[in-house]
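Note sheet for the following structure.
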Amino acid sequence: MDAALREIRLALLEADVSFKVVRDFLARVREKALGADVIQSLTPGQQVIRVVRDELVGLLGGGAATRPLAISSRPPSVYMLCGLQGSGKTTTIGKLGRWLKKSGRHPLVAPVDLQRPAAVLQAVQVARGAGLAVYEHDGTGSPVERAREAVRHARQKGFDVVLLDTAGRLHVDEELMDELAALRAAVEPAEILYVADAMTGQDAVRSAEAFKARVPLTGVILTKLDGDARGGAALSVAAITGVPVRFAGIGEKPEAIEVFDPERMAGRILG
Amino acid sequence: ASAGRPVDDALLDELEEALLSADLGPELAAELRDRLGQRLRGEAVGGPDQVLGVLREEILALLPPRVPETRPTAPPRVTLVVGVNGSGKTTTAGKLAALWGREGRKVVVAAADTFRAAAVEQMAIWAERSGAEVVRSQPGADPAAVAFDAARAARARHADELLVDTAGRLHNKKPLMDELAKIARVIAKEIPGAPHETLLVLDGTTGRNAVIQAREFTRVAPVSGLVLTKLDGTARGGVAVAIGRELGIPVRYVGVGEAADDLLLFEAEEYVAGLLA
Ligand SMILES: Nc1nc2c(ncn2[C@@H]2O[C@H](COP(=O)(O)OP(=O)(O)OP(=O)(O)O)[C@@H](O)[C@H]2O)c(=O)[nH]1
Ligand SMILES: Nc1nc2c(ncn2[C@@H]2O[C@H](COP(=O)(O)OP(=O)(O)OP(=O)(O)O)[C@@H](O)[C@H]2O)c(=O)[nH]1
Ligand SMILES: [Mg+2]
Ligand SMILES: [Mg+2]
Chain B
36 MDAALREIRL ALLEADVSFK VVRDFLARVR EKALGADVIQ SLTPGQQVIR VVRDELVGLL
96 GGGAATRPLA ISSRPPSVYM LCGLQGSGKT TTIGKLGRWL KKSGRHPLVA PVDLQRPAAV
156 LQAVQVARGA GLAVYEHDGT GSPVERAREA VRHARQKGFD VVLLDTAGRL HVDEELMDEL
216 AALRAAVEPA EILYVADAMT GQDAVRSAEA FKARVPLTGV ILTKLDGDAR GGAALSVAAI
276 TGVPVRFAGI GEKPEAIEVF DPERMAGRIL G
Chain V
60 ASAGRPVDDA LLDELEEALL SADLGPELAA ELRDRLGQRL RGEAVGGPDQ VLGVLREEIL
120 ALLPPRVPET RPTAPPRVTL VVGVNGSGKT TTAGKLAALW GREGRKVVVA AADTFRAAAV
180 EQMAIWAERS GAEVVRSQPG ADPAAVAFDA ARAARARHAD ELLVDTAGRL HNKKPLMDEL
240 AKIARVIAKE IPGAPHETLL VLDGTTGRNA VIQAREFTRV APVSGLVLTK LDGTARGGVA
300 VAIGRELGIP VRYVGVGEAA DDLLLFEAEE YVAGLLA
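For the record, the sequence lines run as chains B and V. Under this note's numbering, the residues of the first sequence are numbered 36 to 306, in order. Under this note's numbering, the residues of the second sequence are numbered 60 to 336, in order.
This is the structure we're talking about:
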């Protein structure tokens, strides 16, 4: 049993699962494996693997990913995307918008990253590329003002979803974290989706926890899963914050998104 | 750890966890823990500083020696900027253009990401900020053609530096890696010996995958240096130690923010101290 657990520990750490999560996870697995109904045909090592798989799938959200995106009692429903710099928010907005449109919704893309060079232009081009309407503006003013404007515009024109593309920010940047909280207060999102890069290492928990402390995250979108990173960050974030991973980004084009599959992710993390 | 505490398993465990937390990876963390145990076990140490001092020494010994940057006999020096999606390439190229501009060097920038939405515009804004000339083409154009035109322009203008920004690409996508190899080949044809520097830009928050990125990128475009970005966050960038040790590739610069002067020259001592902070 101990040999199997040591092997699993190494596999999880190599997969970038946070070392604290690994420690707690293995303790629980050990307990469950010892207490589990003994299946005559399984060796203790195999018993451990079975428990590990079940525990991983459970932690990765079990069935939570399949819960549909929330709809506000008063339209439009605002879905706010947030996360660290470069994680894939703007690209994901195009994917989500296309996905929503295909399921009969009427989304409006609202670019409110006013700091990165050509960010508004990128959001406009991404939206157009995905066949989506976008609230265009000259990139001046404040993100909160532009967000409010976009929601008003959506309400007037009959859009039932607003996809808010926010600027990448560090969880240790007080000013920008305050701004994120202000954005949330201003437009009361039905979903706050944390966009995280699948190749993130031990820092994944630190940033996710800090974001969750400032705004109530309702889901995680894990991007760049078409790469070969094992994606242990998914487990770390889900285990520590309890926020379920809802979607997986699997490429750069608007079609490259799928509902998150915890079974497949568990297998990938274990390598 | 407190003064006079013996170097026992509990202390070694703590240090190993600190190394894991800094993204050094389980193999290297275990190895350094063993090394430390061998050197100090049983001794009562003067305090946590002494143990950390020994650990810092051990990590420093793993980093590649400081090697000066390649300077060609005739200008322009060509720097190719590569890496996976969103790591900070375009921003880093902008910061380098600003740095060299401040040093009085004439810079030409090739906006050779012809794929991603608004990539050329983003690079152009950065180039404009520092007065560098930007060479660009139509969306969907062949990036190798942009690099070629920029190399021509840099020679014609007697530029000191040519910076080539490329599209983000995942190393497990063969057609994209082939494209990168072609960009490097085309540059070499136009300017013999170029690219003189190939910088792999790594997001400082990246985990073990960074080591695979370094291996795969260096296969198609020999990487001469790393740039670790976003170290103004809480990530420590420990992956650079494993990369340095396995591939001998040094870190050249560290990105510590989104403004033009948020680029630091890599300082090994400071970096290692940061790993254990
Ligand atoms: N291969 C792959 N690339 C992706 C995926 N999602 C996003 N990208 C790429 O990652 C890079 C960064 O994406 P952006 O959408 O600009 O990221 P962002 O979070 O909006 O960045 P900031 O606004 O600067 O914080 C781009 O090159 C995207 O094409 C994905 O699922 N797979
Ligand atoms: N905080 C911080 N942000 C950074 C740093 N370097 C880059 N960024 C941000 O990271 C995001 C992505 O930077 P880009 O320069 O677009 O990255 P890229 O590698 O060119 O992205 P692609 O071309 O899409 O692959 C932007 O929001 C940058 O402002 C850094 O050192 N610190
Ligand atoms: Mg963006
Ligand atoms: Mg770029």
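The beta-carbon is built from N, C-alpha and C at its ideal position, and this holds for glycine as well.
Simplified DSSP assignment, three categories, for residue i
i: V143 (chain V); result: coil
i: E298 (chain B); result: helix
i: Y170 (chain B); result: coil
i: A60 (chain V); result: Because the pLDDT at A60 (chain V) is just 47, under 50, the model does not fix this residue reliably, and the value given afterwards should be weighed accordingly. DSSP places A60 (chain V) in coil when its eight states are reduced to three.
i: E226 (chain B); result: strand
i: K292 (chain B); result: Sequence inspection shows Ile at residue 292 (chain B); the Lys mentioned does not correspond to that position. In the structure shown, I292 (chain B) sits in a strand (DSSP, three-state: E or B).
i: L71 (chain V); result: helix
i: L40 (chain B); result: helix
i: V52 (chain B); result: coil
i: P65 (chain V); result: strand
i: Q181 (chain V); result: helix
i: A263 (chain B); result: Note that residue 263 (chain B) is Asp in the sequence shown, not Ala. It is coil, neither helix nor strand.
i: L205 (chain B); result: coil
i: A318 (chain V); result: coil
i: E326 (chain V); result: coil
i: G229 (chain V); result: The sequence shown places Leu at residue 229 (chain V), rather than the Gly named in the question. Here L229 (chain V) sits in coil by DSSP.
i: L45 (chain B); result: helix
i: R136 (chain V); result: strand
i: L334 (chain V); result: helix
Check: residue i C-beta below 7 angstroms from any heavy atom of ligand 3
i: R151 (chain B); result: yes
i: K33 (chain B); result: Because chain B is modelled from 36 through 306, residue 33 (chain B) falls outside the range shown and cannot be assessed.
i: G203 (chain B); result: yes
i: D200 (chain B); result: yes
Ligand 4 heavy atom lying under 7 angstroms from the CB of residue i
i: K148 (chain V); result: yes
i: D232 (chain B); result: no
i: D172 (chain V); result: yes
Where the beta strand (DSSP E) through residue i begins and ends
i: F194 (chain B); result: Run containing F194 (chain B): none; DSSP gives neither H nor E here.
i: V313 (chain V); result: 310-314
i: G284 (chain V); result: 284-288
i: T257 (chain V); result: 256-262
i: G254 (chain B); result: 254-258
i: S112 (chain B); result: 112-117
i: A144 (chain B); result: One point to set straight first is that residue 144 (chain B) is Val, not Ala, in the sequence displayed. First-last of the beta strand (DSSP E) with V144 (chain B): 142-146.
Nearest neighbour of residue i, chosen from the options [CA to CA]
i: V286 (chain V); options: V:G296, V:E238, V:G190; result: V:G296
i: Q181 (chain V); options: V:A89, V:L258, V:K154; result: V:K154
i: P134 (chain V); options: V:D201, V:A210, V:N231; result: V:A210
i: R102 (chain B); options: B:A243, B:R281, B:E244, B:A291; result: B:R281
i: T129 (chain V); options: V:V300, V:V282, V:D291, V:L334; result: V:V282
i: A302 (chain B); options: B:K288, B:P110, B:G266, B:E287; result: For the record, residue 302 (chain B) in the displayed sequence is Gly; it is not Ala. Here the closest residue by C-alpha is B:G266.
i: A203 (chain V); options: V:T150, V:A243, V:L87; result: V:A243
i: A221 (chain B); options: B:E184, B:M234, B:L211; result: B:E184
i: W185 (chain V); options: B:K130, B:G166, B:A154; result: B:A154
i: A273 (chain V); options: V:P123, V:H255, V:D72, V:E305; result: V:E305
i: L211 (chain B); options: B:V147, B:D261, B:G262, B:T253; result: B:V147
i: E293 (chain B); options: B:L48, B:I256, B:D263, B:P279; result: B:I256
i: L116 (chain B); options: B:L215, B:A39, B:G70, B:V57; result: B:L215
i: V140 (chain V); options: V:P131, V:T150, V:V315; result: V:T150
i: V168 (chain V); options: V:S80, V:P251, V:P124, V:T225; result: V:T225
i: A243 (chain B); options: B:A264, B:L218, B:G277, B:K259; result: B:G277
Bounding residues of the alpha helix (DSSP H) (the contiguous stretch that carries residue i)
i: I246 (chain V); result: 233-249
i: D224 (chain V); result: No alpha helix (DSSP H) holds D224 (chain V); the beta strand (DSSP E) holding it covers 220-224.
i: E192 (chain V); result: Careful: E192 (chain V) lies outside any alpha helix (DSSP H), inside the beta strand (DSSP E) at 192-194.
i: G284 (chain B); result: Note, G284 (chain B): premise wrong, no alpha helix (DSSP H); beta strand (DSSP E) at 280-284.
i: P202 (chain V); result: 202-215
i: L91 (chain V); result: 85-99
Local Cβ density within 10 Å of residue i, reported as buried at 16 or more and exposed below that
i: S138 (chain B); result: exposed
i: D172 (chain V); result: buried
i: R100 (chain V); result: exposed
i: V270 (chain V); result: buried
i: P279 (chain B); result: buried
i: E90 (chain B); result: buried
i: S306 (chain B); result: For the record, residue 306 (chain B) in the displayed sequence is Gly; it is not Ser. Exposed, by the Cβ-count rule.
i: I106 (chain B); result: exposed
i: A67 (chain V); result: Going by the sequence as given, residue 67 (chain V) is Asp instead of Ala. Classification of D67 (chain V): exposed, given that the 10 Å Cβ count is below 16.
Residue i CB to nearest heavy atom of ligand 2 below 7 angstroms
i: A226 (chain V); result: yes
i: V315 (chain V); result: yes
i: K130 (chain B); result: no
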